[in-house]
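Just below is one structure, and these are the notes that go with it.
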Amino acid sequence: MNQPIIRFDHASFGFSGVIALKDISLSIGAGEFVGVIGPNGSGKTTLCRAVLGLMAPIEGHLHIFDCACDKLRCHHRAKIGYLPQKGVVDRNFPVTVLETVMMGRYGALGLFSRPGAHDREIAMAALAHVSMEGYKDTALGHLSGGQQQRVFIARALAQQPKVLLLDEPTTGLDITTQHNVIELVQHLHEELKLTVLLITHDINMIRSRVDRLVLLKTRLYAAGPPADVLKPDILSAVYGKDLVITEKDLVIVEDYHHHH
Amino acid sequence: MLELLTYDFMQRSLLAAAMVGGLCSVVGVFVVLRGLAFVGAGTSHAAFAGVALGYLMGWPPLLLAILFGLATVWITGWVEERGRMKLDVSIGILYTATMALAILFIGLMKTYNAEVYGYLFGSVLSVSSDELRVIGGLAILVLGLILIFSKELYFIAFDQEMADASGIPARAIFFLLLTLVALTVVVSLKTVGAILVFAMILIPASTAYQLTHSLMTLTLYSVIIGTTTSVAGVMISAFWDVPSGPAIVLLATTVFFLSILLSPKRMKRAAPAHAH
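Sequences listed follow chains D and G, in order.
All residue numbers for the first sequence refer to our numbering, where the first residue is 972 and numbers rise by one.
All residue numbers for the second sequence refer to our numbering, where the first residue is 1334 and numbers rise by one.
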């Protein structure tokens, strides 16, 4: 593994007396493509919030880049490009594609600085990376779900991040668009040498693309190459009777209901 | 009509209306986009309770209006942040409680005080030079802060958690926005009154919302609509001798309904997109 840039060291996270993630020890190296999987309520989104600096560990430590993030809201946030879950953002908000992507520059610029021509160039380059430069003046609400995801990925890229953090980027998209979005993420990982942390329900979609899988169920059940993690005994222990193993694919029953 | 413009009181009124109309319409953009519409209503009634207490006790009414307004928005923001109850519930409780306080304070006054009612219903035609200076000072302060923090305000209006995750001090900016709403309400009290100031904040931005998909254009349209309807409302008020607050608000409401009829968003919903 390359030099670790995200390091959980026996870290636990929770709120209101509920432990969402317990005793997590995990290192993610620079340039890795890591998929994070687990059933509903397994702590995937908590892991995401922790990496973003929105939750501090209640036990143990979390190091991101050169920062010991035992306190909230460290300076590292601007180096992490984040794609939130679909549905969290109001898609009919009156904003153009370019205005949306420019927001990716705001955190990096800091207070009191105004975006200029250079920031606009960066935003346009980010749009070009996701093949959406022709839509810069289009209303965000006029785009299809897949196009909107591309714009939000461009906003994350406009931060010029070192890490791309994607929280269930394919939820609510049709199957072809899901593949297109994941292919785009893989392409960006390879072309821009980005470290990618992809949180998903869809094991089959990412199993052949990621370097490592992290399997969560409040605790870290397994972490390693997909072939080592996707073993029937490990998956059965986490998913129980919600797991159906077919000849070609793994089907998580709760996800099947979730998507159909 | 033109002769009216030569009078000092009319010039002061038009200047006050332009400043208040412009200010409310800029703040209104963030209020509408961040979903804080009801906060404006609650704050205006809280500020009026401050005015009533000021007249009852002989203390500066505008200062107490600011204190009451700030206390209301900060408590509301704190409650929302803690997730203890929905924003509309907490502001609904504070809204009625502060209005009850205002009625109590007015009831405790021994004599009828027309000036207090001026703050309730608005009386832009009686704005004095001193009041104009206070309005101007507060307007410059609020607009200056909005100009300095505009990119952060737009971002938290779009998605506060995303802004937080990107390194923006989103919580501080949210409380700044609430503070700006309170100050704007106080600035506008004398002009349009506690009951109608809410409309001044809400209507221009909501009208602009119908006309564009761009944040920057939305803000520009909102300011043009807010300033124009305020100034025109004062002219109508003076010319036909009708109360100024209702003249401004009813004119703005008419423009709002026209914008719904003429909205390009409603006429053309087809996506230009090629699906990816």
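All C-beta atoms in this analysis are idealised placements derived from N, C-alpha and C, irrespective of residue type, glycine included.
Check: If you measure beta-carbon to beta-carbon, which residues of the stretch 1119-1146 of chain D are closer than 8 Å to chain G?; Outcome: 1121 and 1130
Check: List the residues that DSSP assigns as beta-bridge partners of residue 1167 of chain D.; Outcome: D:1004 and D:1135
Check: Using the three-state DSSP reduction, which class does residue 1188 of chain D fall into: helix, strand or coil?; Outcome: strand
Check: Could you tell me the distance, in whole angstroms, from the CA atom of residue 1110 of chain D to the CA atom of residue 1547 of chain G?; Outcome: 7 Å
Check: Which residues, taken in chain order from the stretch 1529-1563 of chain G, show a beta carbon closer than 8 Å to some beta carbon of chain D?; Outcome: 1542, 1545, 1546, 1547, 1548, 1549 and 1551
Check: Could you work out which residues of chain G lie near residue 1048 of chain D, taking near to mean beta carbons separated by less than 9 Å?; Outcome: 1497, 1498, 1499, 1500 and 1501
Check: Would you mind telling me which residues of chain A sit closer than 7 Å to residue 1078 of chain D, beta carbon to beta carbon, in chain order?; Outcome: Considering every chain present, this structure includes no chain A. Its protein chains are D and G.
Check: Using the three-state DSSP reduction, which class does residue 1195 of chain D fall into: helix, strand or coil?; Outcome: strand
Check: Check whether chain G comes within 8 Å of residue 1070 of chain D, counting only Cβ atoms and requiring the distance to be less than that.; Outcome: yes
Check: Determine the chain G residues that contact residue 1067 of chain D at a beta-carbon separation under 8 Å, and present them in chain order.; Outcome: 1546, 1547 and 1548
Check: Once you ignore the five residues that flank residue 1144 of chain D on each side, which residues in its own chain have a CB closer than 6 Å to its CB?; Outcome: 1116 and 1117
Check: CB-CB under 7 Å to residue 1019 of chain D, same chain, minus the five flanking residues each way: which ones, in chain order?; Outcome: 1136, 1138 and 1170
Check: Look up residue 975 of chain D in the DSSP assignment and say whether it is helix, strand or coil.; Outcome: strand
Check: Can the beta-carbon of residue 1438 of chain G be found closer than 8 Å to that of residue 1379 of chain G?; Outcome: no
Check: I need the straight-line Cα distance from residue 1399 of chain G to residue 987 of chain D, nearest angstrom please.; Outcome: 35 Å
Check: Under the three-state reduction of DSSP, which class applies to residue 1549 of chain G: helix, strand or coil?; Outcome: helix
Check: Strictly below 8 Å CB to CB, what residues from chain D border residue 1366 of chain G?; Outcome: 1064 and 1065
Check: Using 8 Å as the limit for Cβ to Cβ distance, is residue 1176 of chain D near chain G?; Outcome: no
Check: Cβ closer than 9 Å: which chain G residues qualify as neighbours of residue 1083 of chain D?; Outcome: 1481 and 1482
Check: Measuring alpha carbon to alpha carbon, tell me which of G:1596, G:1450 and G:1493 ends up nearest residue 1367 of chain G.; Outcome: G:1493
Check: Provide the residue span of the beta strand (DSSP E) that contains residue 1052 of chain D, from first to last.; Outcome: 1051-1054
Check: For a cutoff of 8 Å on Cβ pairs, would you count residue 1198 of chain D as touching chain G?; Outcome: no
Check: Taking 8 Å as the threshold (beta carbon to beta carbon), is residue 1208 of chain D in contact with chain G?; Outcome: no
Check: Quick check: is the beta carbon of residue 1228 of chain D nearer than 8 Å to any beta carbon in chain G?; Outcome: Per-residue confidence for residue 1228 of chain D stands at a pLDDT of 47, beneath the threshold of 50, marking its modelled position as unreliable; the derived number appears in the next sentence. False, the Cβ-Cβ gap to chain G never drops below 8 Å.
Check: With 8 Å set as the bound, which would you pick, yes or no: does the beta-carbon of residue 1413 of chain G sit closer than that to a beta-carbon of chain D?; Outcome: no
Check: If you reduce the DSSP assignment to three classes, tell me which class residue 1369 of chain G lands in.; Outcome: coil
Check: Would DSSP call residue 1076 of chain D helix, strand or coil?; Outcome: helix
Check: If you run the structure through DSSP and keep just helix, strand and coil, what is residue 1114 of chain D?; Outcome: coil
Check: With a floor of 4 residues, list each alpha helix (DSSP H) that falls wholly inside the stretch 1377-1447 of chain G, ordered by position along the chain.; Outcome: 1394-1415 and 1420-1441
Check: Count the other CB atoms, across all protein chains shown, that sit within 10 Å of the CB of residue 1477 of chain G; report buried if there are 16 or more and exposed otherwise.; Outcome: exposed
Check: Should the stretch 981-998 of chain D be called in touch with the stretch 1187-1199 of chain D, which here means at least 3 C-beta pairs below 8 Å?; Outcome: yes
Check: Under a three-way DSSP split, which group does residue 1067 of chain D fall into?; Outcome: strand
Check: Residue 1112 of chain D touches chain G at which residues, Cβ-Cβ below 8 Å?; Outcome: 1546
Check: Counting only C-beta atoms, is residue 1507 of chain G closer than 8 Å to chain D at any point?; Outcome: no
Check: Roughly how many whole angstroms lie between the Cα atoms of residue 1125 of chain D and residue 1013 of chain D?; Outcome: 29 Å
Check: What's the call for residue 1229 of chain D, buried or exposed, on a 16-neighbour Cβ count within 10 Å?; Outcome: Low confidence applies here, because residue 1229 of chain D scores a pLDDT of 49, under 50, leaving its location unreliable and the question unanswered by this model.
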